[in-house]
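Student:
There are 2 protein chains.
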Amino acid sequence: MHFADPLLLQSGASLRDYSLSFETYGTLNADKSNAVLICHALNASHHVAGTYAGQVKSEGWWNNMIGPGKPLDTDQFFVIGINNLGSCFGSTGPMHHHPDTGRVYGAEFPVLTVEDWVTSQARLLDALGIQTLAAVMGGSLGGMQALSWTLQYPDRVRHAISIASAPNLTAENIAFNEVARRAIVTDPDFHGGHFYQQGVIPKRGLRIARMIGHITYLSDDVMNEKFGRQLRAEAARVTHDASPVSAYLYSTLEAEFQIESYLRHQGDKFAEYFDANTYLLTTRALDYFDPARTYGGDLSHALARATCKFLLVSFTTDWRFAPKRSREVVKALLDNRRDVSYAEINAPHGHDAFLLDDARYLGVVRAYFARVFKEVTA
Amino acid sequence: MHFADPLLLQSGASLRDYSLSFETYGTLNADKSNAVLICHALNASHHVAGTYAGQVKSEGWWNNMIGPGKPLDTDQFFVIGINNLGSCFGSTGPMHHHPDTGRVYGAEFPVLTVEDWVTSQARLLDALGIQTLAAVMGGSLGGMQALSWTLQYPDRVRHAISIASAPNLTAENIAFNEVARRAIVTDPDFHGGHFYQQGVIPKRGLRIARMIGHITYLSDDVMNEKFGRQLRAEAARVTHDASPVSAYLYSTLEAEFQIESYLRHQGDKFAEYFDANTYLLTTRALDYFDPARTYGGDLSHALARATCKFLLVSFTTDWRFAPKRSREVVKALLDNRRDVSYAEINAPHGHDAFLLDDARYLGVVRAYFARVFKEVTA
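Just so you know, the protein sequences line up as chains A and B, in that order.
All residue numbers in the first sequence are consecutive under this note's numbering, ending with 421.
All residue numbers in the second sequence are consecutive under this note's numbering, ending with 421.
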C-alpha cells in the first residue's frame with residue numbers, strides 16, 4: 044500500500060512517498076473487531092503464514108502459530124502481517140529510490156524507531172478501515188512493537204501479546220548489536236552505505252553479524268546438545284581405551300567443529316538475502332527502544348498509558364531477552380492494575396524458542412486467543 | 044632462552060631453532076624446591092609482575108597477585124613468568140623468520156596445542172635445572188596449561204592452581220572463537236596470514252575479535268552497572284517529568300551509548316599491538332584442549348594420571364568458563380581421591396574477575412600458597 048502523506052519520524056526527519064508491504068489471512072468480520080496485527084523481528088517479513096502456490100520453501104515465518112485451526116486461528120481472526128519500513132522485503136527501505144533525488148537511499152535512509160514503525164502501521168489500519176485491533180502480537184523486536192502500540196494507541200488495542208521480549212536492551216544486548224554493526228560498517232565493500240552503486244555487497248560483515256546473532260539466539264545447553272564438540276572430519280584413530288576418535292585437522296582456517304560449519308552456513312545464507320543498511324537500522328531501533336527513558340527510567344510510570352489486556356511469554360533459557368526482562372514489564376503493568384497473563388515456558392532453545400514448536404507455549408497462546416475471540420464476538 | 048633441539052608438536056609438525064621469553068622473580072632456593080610457573084591466557088605475556096624501570100605503565104598483568112608480600116609471595120617463591128610459543132610478545136611466533144626459508148612464518152607457523160606449550164615449558168625448566176615445580180598456576184587458558192602439566196608431567200608438579208578455567212570449551216565458547224577468527228581471516232588485509240609482507244595489518248578483524256572477546260569477559264550485570272544505557276552525547280531535553288534526558292543522535296554509525304565507545308576503544312587498542320596470526324592459533328589451542336577426548340569423554344579416567352594437589356577457583360558470574368566447568372574438574376579429581384581445594388567466589392565481574400582485586404579470591408590464593416610454602420620448606 045502506498046502512502047502519499049509524509050511520515051514525521053522521531054528523529055525529526057521524515058519519509059514521504061513510501062509503501063508498506065502486508066499480507067492478510069482470514070476474513071475481517073462485519074464490525075471489524077477481529078483484526079490481529081503481527082509485528083516482525085530482525086530479519087522477518089509480512090509473510091507470517093502459509094505457503095505461496097508452487098513455492099514449497101516459502102513457508103511463513105510464524106506458520107506454526109498462525110493459520111486455520113492454529114493457535115492464532117485464521118478461521119476466527121483477520122490476521123495482518125506487516126513488513127516494517129526500512130526492511131529489505133518489500134516496504135520502502137534503503138535499497139529504494141529517494142523520491143526527491145531519484146538516487147538509492149542507502150545510508151541516507153532515515154534512522155527509524157519502534158515508535159515510527161507503530162505510527163506507520165496505524166496508518167495502514169486507517170486505510171483498511173480498522174479502528175481497533177483485537178490484538179497486536181510479536182516476538183522479540185516484534186514484542187517491543189506490540190508494547191509500543193499499547194502506549195501510542197491505547198484506544199486502538201484490546202490485547203497485546205509480547206513474546207520473548209524486553210522493555211529495553213541491556214548493555215550486553217547493545218554490545219552484541221554494536222559489534223555486528225561494526226563488522227558491516229568496516230567491511231570495505233560497505234562504502235559508507237552506498238555499496239549498491241558500486242555493485243558490491245558487504246558480505247563479510249553480514250556473515251559476521253549473522254554468526255554473532257545466531258550465538259545469542261541459542262542457549263549454551265542446546266548448542267552443546269546439537270553440536271557439542273563434534274568434529275566435521277571423520278578420520279578415525281585409536282585411543283587409550285581403543286575407541287576410535289577423529290583426528291584434528293590442526294588448522295585455524297578450516298571449519299574443524301560442527302558448530303563452526305553451522306555458523307558459517309548461517310552467515311553465508313544470510314549475506315545472500317539480507318540488506319546491510321536494513322541490518323544497521325533495525326538493530327539501532329532495538330537499541331533505542333526504551334519507553335521508560337523519558338520517565339526517569341520508571342517503567343511503571345511509563346506503562347500507565349497502556350490500558351489493554353496483556354499476555355507475556357518468556358523462555359527459561361533465553362539469555363538474550365531473559366524471563367526477568369518480561370517480568371519487569373509484568374510488574375510495571377501490575378503496578379498499574381492492568382489485566383496481565385504471563386507464562387514462563389521451560390524450554391531449552393534459548394531466544395529461538397519463540398519461533399519453535401513447543402506444546403505448552405503454543406497451548407498458552409491458543410488459550411489466550413480463545414478468550415480474545417469470546418470477547419470480540421460477545 | 045634459545046632451544047636448538049626441534050620440538051615435535053601434537054599435529055605432527057615440528058618447530059626448531061625457537062626461543063622462549065621468560066622473566067623470573069624472587070630467588071630459587073638451594074634445593075630448587077620453591078619454583079612456581081605462571082602460565083598466561085590469550086593476550087598476556089611472561090611479564091606477570093612488577094614494573095620496568097622508567098616505564099610507569101609497564102605493570103605486569105598479574106601484579107596484584109605476584110610480588111613481595113603478595114598472595115604469591117616472591118620473597119618466598121621463585122616465580123617464572125613464561126611467554127607461550129606463537130605469541131607476539133617475545134617467544135618465537137608467526138612474525139619471526141622460519142629458520143629453513145628465512146621468510147616470515149605468517150600463516151605457516153604451525154598450529155600449537157596446550158600440550159605443546161607445556162612440553163616447551165618443561166624444556167625451559169630442564170635448562171634452569173628445576174626438576175619439580177612447587178606449583179604451576181594460571182587463569183583461563185593458563186589454567187588449562189596448569190591442568191595439562193599435571194597430566195603430562197605428574198612427577199614434576201606438587202601443586203596445580205587453575206583459576207576461572209574449564210576442562211574443555213563448550214560449543215558456545217568455540218562459536219565465539221570462530222566468529223572472531225572469521226572476522227580476522229576475512230579482513231582483506233589478512234592476505235591469507237601473510238600480511239607482514241604487504242605492510243598491512245588486518246585491524247578491522249582484530250577490532251571485531253577483541254570486541255566480541257570483551258563482551259564474553261564481562262558479566263551482563265557488571266556491564267549494566269558500569270555502562271547501562273548511558274549515552275555519550277550530553278545534549279539535554281526536557282521530558283514528561285521535567286527531568287533532563289540526553290537526545291539520541293539517531294545514527295547507526297556514531298557511537299551513541301557508552302558501551303559502544305568502550306568496546307570500540309578496546310578494539311582499537313588491541314589492533315595496535317596484537318598479532319592476528321597469534322590470535323588465530325591461540326584461540327585454536329583453546330578449542331582443541333580436551334584431555335578427556337581420548338578417554339571417550341570420561342574426565343575422571345583422563346585425570347587419573349594427575350597425582351599432585353589442586354586448588355581450583357571459579358567466579359559466580361563467569362559465563363565464559365562458568366563455575367560448573369570447574370566443578371567438573373573437581374569431581375573428576377575427587378573420583379580419583381586427589382587432594383583438591385575449591386573456591387567459588389561470589390564476584391560480579393564475570394570472567395575478568397580472575398585478574399581483578401577481590402579480597403576473598405586473593406585471600407584464598409594467599410592461604411593456599413602459605414600451605415605450599417610450608418610443604419616445600421618442611
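Glycine included, C-beta positions come from ideal geometry on N, C-alpha and C.
All of these numbers come straight from a predicted model, not from anything done at the bench.
1) Beta-carbon within less than 7 Å of R409 of chain B's beta-carbon, same chain only, minus the 5 sequence neighbours each way: which residues are those?
2) Quick check on the burial criterion: 16 or more other C-beta atoms within 10 angstroms. Buried or exposed for E299 of chain A?
3) Within 10 angstroms of its Cβ, does L176 of chain B collect 16 or more other Cβ (buried), or is it exposed?
4) Please tell me whether D330 of chain B has its Cβ less than 8 Å away from any Cβ of chain A.
5) Is there at least one Cβ from chain B nearer than 8 Å to R348 of chain A's Cβ?
6) May I ask you to list, following chain order, the residues of the region 197-225 of chain A that have a beta carbon less than 7 Å from some beta carbon of chain B?
7) To the nearest angstrom, how far is the alpha carbon of L399 of chain B from that of L324 of chain B?
8) One question on the structure: do N211 of chain B and F332 of chain B come within less than 8 Å of each other, judged by their Cβ atoms?
9) Step through the CB atoms of chain A and report whether any lies within less than 8 Å of the CB of P231 of chain B.
10) For Q309 of chain A, collect the residues of the same chain with a Cβ closer than 8 Å to its Cβ; drop the 5 residues on either side in sequence, then sort them by chain order.
11) Which whole runs of the beta strand (DSSP E) in the region 326-366 of chain B are 3 residues long or more, in chain order?
12) State the beta-bridge partners of S62 of chain A as determined by DSSP.
13) Let me know if S101 of chain B comes out buried or exposed under the rule of 16 or more other beta-carbons within 10 Å of its beta-carbon.
14) One question on the structure: do N320 of chain A and G149 of chain A come within less than 8 Å of each other, judged by their Cβ atoms?
15) For E102 of chain B, which three-state DSSP category applies?
16) Relative to the C-alpha of G129 of chain B, which candidate in B:K374, B:A87 and B:I109 has its C-alpha closest?
17) So what's T67 of chain A in DSSP terms, helix, strand or just coil?
18) In angstroms with no decimal places, state the Cα-to-Cα distance between H139 of chain A and T229 of chain A.
19) Mind listing which residues of the region 151-181 of chain A have their C-beta closer than 7 Å to chain B's C-betas, in chain order?
20) Which chain B residues sit within Cβ distance under 7 Å of S294 of chain A?
21) Classify Y293 of chain A as helix, strand or coil using the three-state DSSP reduction.
22) For Q174 of chain B, which of B:L249, B:V79 and B:S262 has the nearest alpha-carbon?
23) Please list the partners that L324 of chain A has in chain B, where partner means a Cβ-to-Cβ separation under 9 Å.
24) Using only CA atoms, which one of A:F353, A:A402 and A:R403 lies nearest to R201 of chain A?
25) Answer yes or no: do L167 of chain B and A218 of chain A have a C-beta to C-beta separation smaller than 8 Å?
26) Which residue marks the beginning of the beta strand (DSSP E) containing S205 of chain B, and which one marks its end?
27) Rounded to the nearest angstrom, how far is the Cβ of P49 of chain B from that of D318 of chain B, given a contact under 8 Å?
28) Verify the contact flag: H394 of chain B, CB atom, against every heavy atom of the ligand PLP, threshold strictly below 7 Å.
29) Just checking: is the beta-carbon of R363 of chain B within a distance shorter than 8 Å of some beta-carbon in chain A?
30) Find the nearest neighbour of L342 of chain B within the set B:T259, B:L377, B:R199 and B:F65, judged by alpha-carbon distance.
31) Which residues in the same chain as R146 of chain B place their Cβ atom closer than 6 Å to its Cβ, once the five residues preceding and following it in sequence are excluded?
32) Give the list of continuous beta strand (DSSP E) stretches no shorter than 3 residues that lie fully inside the region 80-125 of chain B.
33) Identify the contact partners of M187 of chain A in chain B, using a Cβ-Cβ distance below 9 Å as the criterion.
34) Would F270 of chain B pass as an interface residue toward chain A - the criterion being a Cβ-Cβ separation below 8 Å?
35) Starting from H178 of chain A, trace the alpha helix (DSSP H) both ways and give me its first and last residue.
36) Just mark N389 of chain B as buried or exposed, buried being the case when its beta carbon has 16 or more other beta carbons within 10 Å.
Tutor: Taking the coordinates as given:
1) Locating residue 409 of chain B in the second sequence gives position 366, counting from the first residue. If we look at R409 of chain B and ignore the five residues flanking it on each side, its Cβ neighbours are P114.
2) Position 256 of the first sequence holds residue 299 of chain A. Buried: at least 16 other Cβ atoms inside 10 Å.
3) Within the second sequence, numbered from 1, the residue matching residue 176 of chain B stands at position 133. Buried, because 16 or more other Cβ atoms sit within 10 Å of the Cβ of L176 of chain B.
4) Your numbering for residue 330 of chain B matches position 287 in the second sequence. Judged by the 8 Å Cβ criterion, D330 of chain B is in contact with chain A.
5) As a working note, residue 348 of chain A is residue 305 in the first sequence. Not closer than 8 Å to any Cβ of chain B, the Cβ of R348 of chain A fails to qualify, so no.
6) N211, T213, A214, E215, I217, A218, F219, E221, V222, R224 and R225
7) As a position in the second sequence, residue 399 of chain B is number 356, starting the count at 1. As a position in the second sequence, residue 324 of chain B is number 281, starting the count at 1. The straight-line gap from Cα to Cα measures roughly 26 Å.
8) Position 168 of the second sequence holds residue 211 of chain B. Position 289 of the second sequence holds residue 332 of chain B. Yes; because the gap between Cβ atoms is below 8 Å, this pair is in contact.
9) By one-based count along the second sequence, residue 231 of chain B stands at place 188. For P231 of chain B, the answer is yes, since a Cβ of chain A falls inside 8 Å of its Cβ.
10) In the first sequence, the residue the question calls residue 309 of chain A occupies position 266. Cβ within range, chain order: R253, M254 and H257.
11) 352-358
12) Within the first sequence, residue 62 of chain A is the residue found at index 19, counting from 1. S62 of chain A pairs with A:H45.
13) On the second sequence, position 58 is the one that residue 101 of chain B refers to. With fewer than 16 other Cβ atoms within 10 Å, it is exposed.
14) Within the first sequence, numbered from 1, the residue matching residue 320 of chain A stands at position 277. Within the first sequence, numbered from 1, the residue matching residue 149 of chain A stands at position 106. Their beta carbons are under 8 Å apart, which means N320 of chain A touches G149 of chain A by this criterion.
15) Within the second sequence, residue 102 of chain B is the residue found at index 59, counting from 1. Coil at E102 of chain B, not helix or strand.
16) Translated into the one-based positions of the second sequence, residue 129 of chain B becomes position 86. Residue B:A87 is the option with its Cα nearest to G129 of chain B.
17) For the purposes of this step, residue 67 of chain A is identified with residue 24 of the first sequence, where counting begins at 1. Residue state, collapsed to three classes: strand.
18) The sequence position of residue 139 of chain A within the first sequence is 96, counting from 1. The sequence position of residue 229 of chain A within the first sequence is 186, counting from 1. If you take the alpha carbons of H139 of chain A and T229 of chain A, they lie about 23 Å apart.
19) V154
20) In the first sequence, the residue the question calls residue 294 of chain A occupies position 251. Within 7 Å Cβ-Cβ: V154.
21) Residue 293 of chain A sits at position 250 when you count from the first residue of the first sequence. In this structure, Y293 of chain A counts as coil in the three-state DSSP scheme.
22) As a first step, residue 174 of chain B is located in the second sequence; it is residue number 131 there, counting from the start. Checked all of B:L249, B:V79 and B:S262; the closest Cα to Q174 of chain B is B:V79.
23) For this step, residue 324 of chain A is matched to residue 281 along the first sequence. Simply T295.
24) On the first sequence, residue 201 of chain A is found 158 positions in, with the first residue counted as 1. It is A:F353 whose Cα lies nearest to the Cα of R201 of chain A.
25) On the second sequence, residue 167 of chain B is found 124 positions in, with the first residue counted as 1. On the first sequence, residue 218 of chain A is found 175 positions in, with the first residue counted as 1. Contact flag unset, no.
26) Translated into positions along the second sequence, residue 205 of chain B becomes position 162. Taken as a continuous stretch (DSSP letters only), the beta strand (DSSP E) holding S205 of chain B covers H202 to I206.
27) Taking the second sequence and counting its residues from 1, one reaches residue 49 of chain B at position 6. Taking the second sequence and counting its residues from 1, one reaches residue 318 of chain B at position 275. The Cβ separation is near 23 Å, so there is no contact.
28) Among the ligands in the structure shown, none appear at all, so the ligand PLP cannot be discussed.
29) Residue mapping note: residue 363 of chain B aligns to position 320 of the second sequence, counting from 1. R363 of chain B does not count as touching chain A.
30) Looking up residue 342 of chain B in the second sequence gives position 299. The option with the nearest alpha carbon to L342 of chain B is B:L377.
31) Your numbering for residue 146 of chain B matches position 103 in the second sequence. Excluding positions up to five away in sequence, the list is empty.
32) 121-125
33) Residue 187 of chain A sits at position 144 when you count from the first residue of the first sequence. Within 9 Å Cβ-Cβ: nothing; M187 of chain A doesn't reach chain B, min ~14 Å.
34) Here residue 270 of chain B corresponds to residue number 227 of the second sequence, with the count starting at 1. Judged by the 8 Å Cβ criterion, F270 of chain B is in contact with chain A.
35) On the first sequence, position 135 is the one that residue 178 of chain A refers to. This sequence places Ala at residue 178 of chain A; His is not what is there. Not the alpha helix (DSSP H): A178 of chain A falls in the beta strand (DSSP E), residues A178 to G182.
36) Counting from 1 along the second sequence, the entry for residue 389 of chain B is found at position 346. By the neighbour-count rule (16 or more Cβ atoms within 10 Å), N389 of chain B is not buried but exposed.
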